[in-house]
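*Asks:* This structure is in structure tokens; I'll ask about it shortly.
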Amino acid sequence: PNNPTGNLMKRDDLIRLARKFDGIVVVDEAYIHFADEPSMIGEIERERNIVVLQTFSKAWGMAGLRVGLAFGSEPLIDLMNRVKPPYNVSSISQQAVHAALGDVTKVDRWITNILAERERLTQSVASFSFVKTIYRSDANFILVKTADASTIYRHLIDHKIVVRDRSRVELCENCLRITVGTERENDRLIKALESY
């Protein structure tokens, strides 16, 4: 899924691109854990020019550690290893990720909650008259086209709620990007929007 829309590219389109492009195709799967589609990692053996990137920042909630993964054919990973800086991941970050991998069920529960809240938040926000469109999302956020994004943004800031005004992004005029929070956080957002 991409940022800021949260839309997912079709798997067949990515495979077609990899087959036609005489170079490396990098697939950023930072938000893949929130999508219905499986990872492209399974395509690496057949499509040797694909590199799949994933991160512990989103679904794992470990953004501060700055730890990611790259999956690809052996020649591509060898090439990447030759150009990366030495000691590019701290030992503290490595230990934290290792510990987190020991409790995958916790992450699975978190993802399940986010997906349920994404659906609830989408339905609630869609009911407001100032909302023009909510774009389908396969990520942990929704992109909402509104009548006046900057005014709504300031209203939410006044309520100590931070969303992203994406109006300066081409084709995202009057759009707000709203990260899906916990049930309580989303209730606060909905209540603030009700008072707009």
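Numbering (the working numbering), first residue to last: 16 to 211. Where a beta carbon is used, it is the ideal one built from N, C-alpha and C, also for glycine. Treat the numbers as computed from the prediction; the structure is a model and nothing was measured.
Within the same chain, show all residues whose beta-carbon is closer than 7 Å to that of threonine 194, passing over the 5 residues directly before and after it, in chain order.
*Replies:* Locating residue 194 in the sequence shown gives position 179, counting from the first residue. Result list for threonine 194: Asn155, Phe156, in chain order.
*Asks:* Could you tell me which residues DSSP pairs with leucine 158 in its beta bridges?
*Replies:* Taking the first residue of the sequence shown as 1, we reach residue 158 at position 143. According to DSSP, which records beta bridges pairwise, leucine 158 is partnered with Tyr150, Arg192.
*Asks:* Looking at C-beta atoms only, is the number of pairs between the region 56-65 and the region 20-38 that lie closer than 8 Å three or more?
*Replies:* They touch, by the three-pair rule.
*Asks:* Kindly give me the distance between the Cβ atoms of leucine 68 and valine 42, rounded to whole angstroms, as I take these residues to be in contact under 8 Å.
*Replies:* For the purposes of this step, residue 68 is taken as the residue at position 53 of the sequence shown. For the purposes of this step, residue 42 is taken as the residue at position 27 of the sequence shown. Sure, about 7 Å apart at Cβ, within 8 Å.
*Asks:* Using the Cα positions of cysteine 190 and glutamate 52, report the straight-line distance between them to the nearest angstrom.
*Replies:* Mapped onto the sequence shown, residue 190 falls at position 175. Mapped onto the sequence shown, residue 52 falls at position 37. Distance between the alpha carbons of cysteine 190 and glutamate 52 is about 25 Å.
*Asks:* What are the complete alpha helix (DSSP H) segments, minimum 4 residues, inside the region 91-150?
*Replies:* Entirely contained in the region 91-150, the alpha helix (DSSP H) runs reaching 4 residues are, in chain order, 106-116, 119-141.
*Asks:* Determine the burial state of methionine 95: buried for a count of at least 16 other Cβ atoms within 10 Å of its Cβ, exposed for fewer.
*Replies:* Residue 95 sits at position 80 when you count from the first residue of the sequence shown. With fewer than 16 Cβ atoms within 10 Å of its Cβ, methionine 95 is classed as exposed.
*Asks:* To the nearest angstrom, how far is it from the Cα of arginine 135 to the Cα of proline 90?
*Replies:* Walking along the sequence shown from the start, residue 135 turns up at place 120. Walking along the sequence shown from the start, residue 90 turns up at place 75. Using only the alpha carbons, I get a separation of about 44 Å.
*Asks:* Opposite glycine 83 in the DSSP bridges: which residues?
*Replies:* The residue labelled residue 83 in the question sits at position 68 within the sequence shown. Bridge partners of glycine 83: Thr70.
*Asks:* If contacts are defined as beta-carbon pairs under 8 Å, then alanine 207 and isoleucine 176 qualify, I think. What distance do you get, rounded to the angstrom?
*Replies:* The residue given as residue 207 occupies position 192 in the sequence shown. The residue given as residue 176 occupies position 161 in the sequence shown. 6 Å between Cβ atoms; contact.
*Asks:* Between valine 112 and phenylalanine 143, is the Cβ-Cβ spacing less than 8 Å?
*Replies:* Here residue 112 refers to the residue found at position 97 of the sequence shown. Here residue 143 refers to the residue found at position 128 of the sequence shown. No, the pair does not count as a contact, with Cβ atoms beyond the cut-off.
*Asks:* Distance check for proline 16 and isoleucine 172, CA to CA, integer angstroms please.
*Replies:* Here residue 172 refers to the residue found at position 157 when the sequence shown is read from its first residue. Here residue 16 refers to the residue found at position 1 when the sequence shown is read from its first residue. Those two C-alpha atoms are separated by around 27 Å.
*Asks:* Which same chain residues end up closer than 6 Å to serine 108 when comparing Cβ atoms and leaving out the 5 residues on each side of it in sequence?
*Replies:* Along the sequence shown, read from residue 1 onward, the residue named residue 108 stands at position 93. Here the set comprises Leu80, Val82.
*Asks:* May I ask which residues mark the beginning and end of the alpha helix (DSSP H) holding aspartate 202?
*Replies:* Taking the first residue of the sequence shown as position 1, residue 202 is located at position 187. Aspartate 202 -> alpha helix (DSSP H) spans 198-209.
*Asks:* In terms of residues, what are the limits of the beta strand (DSSP E) holding aspartate 215?
*Replies:* Here the chain covers residues 16 to 211 and nothing more, so residue 215 does not appear.
*Asks:* Sorted by chain position, which residues of the same chain lie with C-beta nearer than 8 Å to methionine 55's C-beta, five sequence neighbours on each side aside?
*Replies:* As a working note, residue 55 is residue 40 in the sequence shown. Here the set comprises Arg26, Leu29, Val42, Glu44, Ile65, Val67.
*Asks:* Would you report the Cα separation of valine 146 and threonine 161, rounded to the nearest angstrom?
*Replies:* As a working note, residue 146 is residue 131 in the sequence shown. As a working note, residue 161 is residue 146 in the sequence shown. Approximately 4 Å between the Cα atoms of the pair.
*Asks:* What residue range does the alpha helix (DSSP H) around threonine 166 cover?
*Replies:* Residue 166 sits at position 151 when you count from the first residue of the sequence shown. Run containing threonine 166: 164-173, per the alpha helix (DSSP H) assignment.
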